[in-house]
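Encoded as structure tokens, the structure appears first; notes follow it.
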Amino acid sequence: MSHLLSIEDLDRAGIERILDRAESFAEVSGREIKKVPALRGRTVVNLFYESSTRTSSSFELAAKRLSADVVNIRAAGSAVDKGESLRDTVQTLSAYDPAAIVIRSPHAGTAALVVPWTDAAVINAGDGKHEHPTQALLDVFTLRRRLGSLEGLNIWIVGDVTHSRVARSNILAFGGMGAKVTVAGPPTLLPRGIEQLGAAATPSLERLHEADVVYVLRMQQERMESAYIPTLREYAQRYQINSARLRPGQLLMHPGPVNRGLELSGEAIDSDVSLIGSQVQAGVAVRMAVFYELLTVPA
Amino acid sequence: MSHLLSIEDLDRAGIERILDRAESFAEVSGREIKKVPALRGRTVVNLFYESSTRTSSSFELAAKRLSADVVNIRAAGSAVDKGESLRDTVQTLSAYDPAAIVIRSPHAGTAALVVPWTDAAVINAGDGKHEHPTQALLDVFTLRRRLGSLEGLNIWIVGDVTHSRVARSNILAFGGMGAKVTVAGPPTLLPRGIEQLGAAATPSLERLHEADVVYVLRMQQERMESAYIPTLREYAQRYQINSARLRPGQLLMHPGPVNRGLELSGEAIDSDVSLIGSQVQAGVAVRMAVFYELLTVPA
Amino acid sequence: MSHLLSIEDLDRAGIERILDRAESFAEVSGREIKKVPALRGRTVVNLFYESSTRTSSSFELAAKRLSADVVNIRAAGSAVDKGESLRDTVQTLSAYDPAAIVIRSPHAGTAALVVPWTDAAVINAGDGKHEHPTQALLDVFTLRRRLGSLEGLNIWIVGDVTHSRVARSNILAFGGMGAKVTVAGPPTLLPRGIEQLGAAATPSLERLHEADVVYVLRMQQERMESAYIPTLREYAQRYQINSARLRPGQLLMHPGPVNRGLELSGEAIDSDVSLIGSQVQAGVAVRMAVFYELLTVPA
């Protein structure tokens, strides 16, 4: 493996190897001294064309806990303002000989586009509506830690599937690990052909009780160019996940940041069945494992 | 001590313990290699919801000189833009298991609000008009270094007391160390009941010559929602501290950033009696001491 | 040498000493562990009043590869928003006792202005239309590496000379290293008296074939207050450097970021004769050498 662009880059064995390694980094992150020298003196570039707290800080910390030097580049206040093309930016940053470039972009396919322009390992931190593979890996990690395995698990992904790169990556990753995936949401937010990724699709939450895990998607207000739903209030009435809709024993996940009270109720977020905190925590360990796998293991 | 939210968290012995420790860190900051390994491998999060140069860079440097890994989060360009609640942001960042979260916010009480949501030590870097305890500590440190003790000292705090978290913290800290504090400014900028914090209040600078130390506050133009003073020009005429108003032997302080020529004249800033540079310098050592006290000393 | 404000601070021997040192740092940057302990525990402040990707990240990485602690300050979101004067900002940052302050500003002369206000070594990272000395040094480094020497070389600097600090620094540096420099561009973009810096000037590209090196300037749209050229399209027709205008054997340089398709054609950027990638790469090594020279070599 030389890049991580899509969950499709990984077979089940590949995913499990990363998760196993992430277990050992989770142990490092639990120590008082949360640091190993694996990437000392190597450079990681975080190139973010979309605002982000959790993903960018998670990658930053993962790299720092491996002792790498990190350079954070944000679109605002950078040469991007001066109209520099993506290609020129990537080639410029590549001249620093970074071990990895982590890239987030509002455009699908950006991470793959960048690969021929650099010798660095490219890690997709989210490209438009396409994929967000480290999110999927940390979600699988979180579930595997909690339940031992995803084999035969019934996972419902609920909400704005159309605009969600997380949905795409997670359908592939959950399916690849043996889970049965159903996507649910308003028909306008379920993309045609989503079944081809290996998921069942339904506009109704009637059979939500069948789910072992309810994975709620963020309503991507900032990526909705036009009206896909009548009103946010009506969406919340029909699709919000809250304690009235959950049955005991179901686990709750969300990639964050949550629109509290929209796709998810406040009391559900803070309940015992919520794995949201564990997901964020898993993020650093899983990203350390991805860096380690890409940068230190001979291909 | 597990958090630093307010000067009221500290008694005189507690303040003196931090100042003594800051002395040894001031010595470290004077060396060529300004670094000790005390927090190696530990994570400090700086979460700033207001723009800041001096406070944020001072905390950042203090953490780095203790060898911590630092993650800086600013409201602009972060999940805060996506409408994430403070609680969710803090819980997200807490999943990284940081040793400390340093938080600045435009709203009074934010630092205290955050405590139940995290296992990290919370340090208030300024919350609205409420408090700014590390500023008060560095001011006491600066005066103690210069004069040996604050006991019996006559300190005047001049200007926009109403909008000043610095004034509140410093009245408490100066008073707690044995100084006699007077606040002075236009009646509209002197909050009612300020005497209850232990300060005398006067709208006149007539007796300013009695002060040993004149502590000038920043005119908080950005926190003034409506007109508290007729014009800035009139304010400057009546309350600006300049060499005509200072008598020989008085020391001059200001928390910065200064509105040069408004609350303080340029020549006063740059004069021998100004301790402004020493205050900034003290900031790093005092913040190192606060981190050390909170993160390495058993409670 | 205690500061680097202008190429005029350096004689030929001084330039060569920096370039020789940069050679050894280029070797460090080629290693897997790109790090030496030369500035461990010392502080470098990057103070940028203009947006920048390549220059700021290059200085940041250079300092980190020397093991310094780096504090990045950008005008947006800093005390500068609160109207703090440059002097107060510099004095504040100087209270941290930084080894160096790297400063970029839209105003000519800023770096020199700052010197009396700080004990730090001041490095000019671009001051308005005045100078950008580290750019010139990395350009000389790039050419010396490729060709052995600049002695007798024929270098054409093409484009918007008037608004270019790079042009000014490079005329001085190339000339100082024994090259013959010609500047070419629309008469409105060739400043009067430019010959006094030691360059020939021409509005025509007719004799461009005489050049060994064609150094294309960025069209500084953001620094142009009024119309200097009829249209960008006409500029491109008459002055764009592309494969039709280059003859075999000529080397191509550009300080970046490039306006692809304006001053330079896409295919020229990506051709074999382009040294643009080498220039960026040289940036880190040369800036390491500048830090090393200023901060560790007794003056």
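Protein chains in written order, with numbering that gives the first Met the number 0: chain A, 0 to 298; chain B, 0 to 298; chain C, 0 to 298.
Every residue, glycine too, gets a C-beta built ideally from N, C-alpha and C.
Which residue wins for smallest C-alpha separation from residue i, given the options the options?
i: A/Trp116; options: A/Thr295, A/Val89, A/Asn258 and A/Ala21; result: A/Val89
i: C/Thr230; options: C/Gly192, C/Leu204 and C/Thr187; result: C/Thr187
i: A/Leu304; options: A/Leu146, A/Ala21 and A/Pro190; result: Absent from the model: residue 304 of chain A. The displayed extent of chain A is 0 to 298, so no value can be given.
i: B/His61; options: C/Leu60, C/Val70 and C/Ser55; result: Here residue 61 of chain B turns out to be Ala, not His, going by the sequence shown. Minimum Cα distance to B/Ala61 is reached at C/Val70.
i: C/Ile32; options: A/Phe24, A/Val213, A/Thr42 and A/Met0; result: A/Thr42
i: C/His208; options: C/Leu245, C/Tyr234 and C/Thr201; result: C/Leu245
i: A/His2; options: A/Tyr227, A/Ala110, A/Leu263 and A/Arg86; result: A/Ala110
i: A/Arg73; options: A/Asp87, A/Gly151 and A/Phe47; result: A/Phe47
i: A/Gly184; options: A/Arg237, A/Glu150 and A/Gly151; result: A/Arg237
i: A/Ser270; options: A/Arg39, A/Ala199, A/Leu85 and A/Ser242; result: A/Ser242
i: B/Pro247; options: B/Ile100, B/Ser273 and B/Gly255; result: B/Ser273
i: C/Arg144; options: C/Glu22, C/Pro97 and C/Ala124; result: C/Glu22
i: C/Leu152; options: C/Arg164, C/Ser163, C/Ser28 and C/Thr181; result: C/Thr181
i: C/Val289; options: C/Glu26, C/Pro132 and C/Arg53; result: C/Pro132
i: B/His162; options: B/Gln220, B/Thr52 and B/Tyr291; result: B/Gln220
i: C/Phe140; options: C/Pro202, C/Val279, C/Ile228 and C/Tyr291; result: C/Val279
i: B/Ala172; options: B/Gly158, B/Leu149, B/Glu194 and B/Arg30; result: B/Leu149
i: C/Val101; options: C/Val121, C/Tyr291, C/Val113 and C/Ile154; result: C/Val121
i: B/Pro97; options: B/Asp118, B/Val113, B/Arg86 and B/Leu85; result: B/Asp118
i: C/Arg30; options: C/Pro297, C/Leu293 and C/Ala284; result: C/Ala284
i: B/Val157; options: B/Leu261, B/Thr295 and B/Gly40; result: B/Leu261
i: C/Val27; options: A/Tyr291, A/Asp10, A/Gly40 and A/Arg53; result: A/Gly40
i: A/Arg338; options: A/Glu266, A/Gly265, A/Leu294 and A/Val257; result: Outside the displayed range of chain A (0 to 298) lies residue 338 of chain A, so it cannot be described from this structure.
i: B/Ala210; options: B/Gly255, B/Ala235, B/Ile154 and B/Glu49; result: B/Ile154
i: C/Gly282; options: C/Ser56, C/Tyr95, C/Gly13 and C/Tyr234; result: C/Ser56
i: A/Tyr234; options: A/Pro202, A/Gly255, A/Arg206 and A/Ser277; result: A/Pro202
i: B/Thr91; options: A/Ala267, A/Arg206 and A/Gly255; result: A/Gly255
Starting from residue i, find everything on chain B with Cβ-Cβ shorter than 7 Å and list it in chain order.
i: C/Gln90; result: Gly276
i: A/Ser28; result: Asp96
Check the C-beta distance from residue i over to residue j and give it rounded, since I have them as a contact under 8 Å.
i: A/Met287; j: A/Leu65; result: 6 Å
i: C/Thr167; j: C/Glu130; result: Strictly speaking, residue 167 of chain C in this sequence is Arg, with Thr absent from that position. C/Arg167 to C/Glu130, Cβ: 6 Å. Contact.
i: B/Val160; j: B/Leu189; result: 5 Å
i: A/Leu263; j: A/Val212; result: With 8 Å as the limit, A/Leu263 and A/Val212 do not qualify as a contact, their Cβ atoms being about 14 Å apart.
i: A/Met0; j: A/Asp138; result: Not really, about 19 Å apart at Cβ, beyond 8 Å.
i: A/Phe58; j: A/Asn45; result: 6 Å
i: C/Ala135; j: C/Ile6; result: 5 Å
i: B/Arg164; j: B/Gly127; result: 7 Å
i: A/Arg259; j: B/Ser84; result: 5 Å
i: C/Val194; j: C/Pro105; result: For the record, residue 194 of chain C in the displayed sequence is Glu; it is not Val. With a Cβ gap of about 26 Å, C/Glu194 and C/Pro105 do not count as contacting.
i: B/Arg11; j: B/Met176; result: 6 Å
Run through chain C and tell me which residues come within less than 7 Å of residue i, C-beta to C-beta.
i: A/Ser50; result: None at all; the shortest Cβ gap to chain C is about 13 Å.
i: A/Tyr95; result: Leu60 and Val283
i: B/Val279; result: Thr91 and Ala94
Can you pull the chain B residues whose beta carbon is under 9 Å from the beta carbon of residue i, in chain order?
i: C/Arg41; result: Glu31, Ile32, Lys33 and Lys34
i: A/Ser273; result: Going along chain B, no residue has its Cβ under 9 Å from A/Ser273, so there is no contact; the nearest lies around 10 Å.
At a CB-CB cut-off below 8 Å, which residues of chain A make contact with residue i?
i: B/Ile72; result: Thr52 and Ser56
i: B/Asp87; result: Gly255, Pro256, Val257, Arg259 and Ile268
Just to make sure I have the definition right: I need the residues of chain A whose C-beta is within less than 9 Å of the C-beta of residue i. Which are they?
i: C/Arg64; result: Gly40, Thr42 and Asp68
Does any residue of chain D have a CB that is nearer than 7 Å to the CB of residue i?
i: B/Ser84; result: Of the chains in the structure shown, none is chain D; the protein chains are A, B and C.
Less than 6 Å separating the Cβ of residue i from some heavy atom of the ligand MG?
i: A/Ile268; result: As presented, the structure is devoid of all ligands, the ligand MG included, so that no description of it is given.
Quick one: which chain B residues come within Cβ less than 8 Å of residue i?
i: C/Asp19; result: None at all; the shortest Cβ gap to chain B is about 25 Å.
(request) Determine which residues of the stretch 113 to 136 of chain B have a Cβ less than 9 Å from any Cβ of chain A, and write them out in chain order. (result) none
(request) Could you please tell me which residues of the stretch 211 to 240 of chain B, in chain order, have their CB closer than 8 Å to any CB of chain A? (result) none
(request) May I have a chain-ordered list of the alpha helix (DSSP H) segments no shorter than 4 residues that lie completely inside the stretch 72 to 141 of chain A? (result) 85 to 93 and 109 to 113
(message) Which complete alpha helix (DSSP H) runs does the stretch 191 to 219 of chain A hold, if anything under 4 residues is left out?
(response) The qualifying runs do not exist here; there are none.
(message) Against chain B, which members of the stretch 154 to 176 of chain A pass a CB distance test of less than 9 Å?
(response) For the stretch 154 to 176 of chain A, there are no residues whose beta carbon sits under 9 Å from a beta carbon of chain B.
(request) Taking only runs that begin and end inside the stretch 145 to 186 of chain C, name each unbroken alpha helix (DSSP H) of 4 or more residues, in chain order. (result) 164 to 175
(request) Using a Cβ-Cβ cut-off of less than 7 Å, list which residues of the stretch 240 to 264 of chain A approach chain B; keep chain order. (result) Gly255, Pro256, Val257, Asn258 and Arg259
(request) Starting from the N-terminal side, write out each stretch of the alpha helix (DSSP H) that is 4 residues or longer and does not extend beyond the stretch 230 to 295 of chain A. (result) 231 to 238, 265 to 268 and 275 to 295
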